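Enquirer: Numbering (this note's numbering), first residue to last: 1385 to 1723.
Virtual Cβ for every residue (Gly too), placed ideally from N, Cα, C.
From a predicted model like this one, the values you see are computed outputs, not experimental measurements.
Have a look at this one.
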Amino acid sequence: MEEEERMQNLRSKATELLLRKEFKDSIKAYSELISFYHNQISNTHQNLDPNTLTKLKKSLCLSLCNRAEARLNLQEFPQALKDCNEAAGIENTHFKNLLCKGKVLLSLNQYGLALDCFKQASLDPHEFENSDTLNGYLEKCIKFESLSRTGAFDISNWVVAIERAIVPDSFFQESKEQAQLDMWKSFIDKVMESAKKCVRTRDLICKLAIGENEDHLEVLDIDLFRVEADESGILEKKIDKEKLLNILDVNSLVEELISAKIQGGNSDVHGIGLWILSSFVNHSCDPNVRRSHVGDHVIIHASRDIKASEEYEFAYFDVFSPFRDRELGVCLQMQKVQY
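Here it is as structure tokens:
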């Protein structure tokens, strides 16, 4: 009886932590609860009656689903999906689990599978109050599935009305300098926030070079960046702001605009973001794709049909820039264009 009361208190605590968005502590509490349910169900010596066994399985299913929700908020997508699959093995029509699994798959850009989950969840006649939320996810999946098939990309969410006005040059110069500082502060804060939320993101950032030996910069194995990468070797690491600045100094994606260097010279480039999968696309004098940035998204746009075995390649410079600028870029032989 005491053990049952303790589990009830633990269940209440885990739920409270989840509602308060204290996801790490919530995961720990749910993990303890899940272990208890597993032990109770697998303990054949107790001779549980069918009603008690059914009740335990339902509680286990809900706990797995809630832990998956917490992991989803921490961007721990593989672990969240694993919890959802285990919960589905207990009750494959559980509405909350179908909704959570759909959101996880949507975050992994698996729009077709996510759509199947949301469609199955919409068949539940008892969840009418959640129909608006569900319909929103259904529309998003249908839209993204269509866009992924055609290669098109809808940027209407980033297009807003603007007002044109004549601004004094002095004001523009001051505003530009302030905008650069604000942009970098926002970028650093966003990276710090992502690193705090997700252990895997923090682990990947810590693996990047900090610029101690710029003549021999190490390029990480591309498999580390894949969603399905093995996470068994991930360790809890702390990353201070000084180290992060060094990492961003060396590894930020750059464009030939104004300065991106946080601590050094490098006055002819402009920071865009940290290394992601698209950063591994090679460069060529005869490119077949270009990179565009819209909000927090990177779009790789092909200029023609590309064969299955053909490599994606960016241009070394903006192909639409004047010839003199392009010639200068080649003559300078920038250090970072090394393979």
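Would you identify the three-state DSSP class for residue 1652, choosing helix, strand or coil?
Expert: With a pLDDT of 47 at residue 1652, under the threshold of 50, the predicted position of this residue should be treated as unreliable, though the coordinate-derived value follows. Residue 1652: coil per DSSP, three-state reduction.
Enquirer: For residue 1527 and residue 1506, I'd like the C-alpha separation in whole angstroms.
Expert: Residue 1527 and residue 1506: Cα-Cα distance of roughly 17 Å.
Enquirer: Count the other C-beta atoms from every protein chain shown that fall within 10 angstroms of the C-beta of residue 1632, then say buried if there are 16 or more, exposed otherwise.
Expert: Buried.
Enquirer: By DSSP, does residue 1457 sit in helix, in strand, or in coil?
Expert: Looking at residue 1457 - three-state DSSP - the assignment turns out to be helix.
Enquirer: In this structure, how does DSSP classify residue 1665 when only helix, strand and coil are distinguished?
Expert: Here residue 1665 sits in coil by DSSP.
Enquirer: Hey, would you say residue 1672 sits closer than 9 Å to residue 1687, going by beta carbons?
Expert: Taking 9 Å as the Cβ cut-off, residue 1672 and residue 1687 qualify as a contacting pair.
Enquirer: Would the region 1454-1464 and the region 1472-1480 be scored as touching if the rule is three or more Cβ pairs under 8 Å?
Expert: As far as the Cβ criterion goes, the region 1454-1464 does not touch the region 1472-1480, which means the pair count is below three.
Enquirer: Apply the 10 Å Cβ neighbour rule to residue 1669 and answer buried if 16 or more other Cβ atoms are within range, or exposed otherwise.
Expert: Burial call: exposed.
Enquirer: According to DSSP, is residue 1695 helix, strand or coil?
Expert: It is coil, neither helix nor strand.
Enquirer: Rounding to the nearest angstrom, what Cα-Cα distance links residue 1593 and residue 1630 in this structure?
Expert: Cα to Cα, residue 1593 sits roughly 8 Å from residue 1630.
Enquirer: For my contact list, residue 1684 and residue 1700 are in at a C-beta cut-off of 8 Å; report their separation, rounded to the angstrom.
Expert: The pair is not a contact, with the Cβ atoms about 16 Å apart (cut-off 8 Å).
Enquirer: Go through its chain and collect everything with a Cβ distance to residue 1409's Cβ below 7 Å, but skip five positions before and after it.
Expert: Cβ within range, chain order: 1401.
Enquirer: Would residue 1484 and residue 1449 qualify as a contact pair, given that the criterion is a beta-carbon distance under 9 Å?
Expert: A contact, by the Cβ cut-off of 9 Å.
Enquirer: Express the C-alpha separation of residue 1577 and residue 1437 in angstroms, rounding to a whole number.
Expert: Cα to Cα, residue 1437 sits roughly 42 Å from residue 1577.
Enquirer: Looking at residue 1395 and residue 1447, is the spacing between their C-beta atoms short of 9 Å?
Expert: Yes, the Cβ-Cβ distance between residue 1447 and residue 1395 is below 9 Å.
Enquirer: How is the alpha helix (DSSP H) around residue 1480 delimited, first residue to last?
Expert: Looking at the DSSP string, the run of the alpha helix (DSSP H) that includes residue 1480 is 1479-1491.
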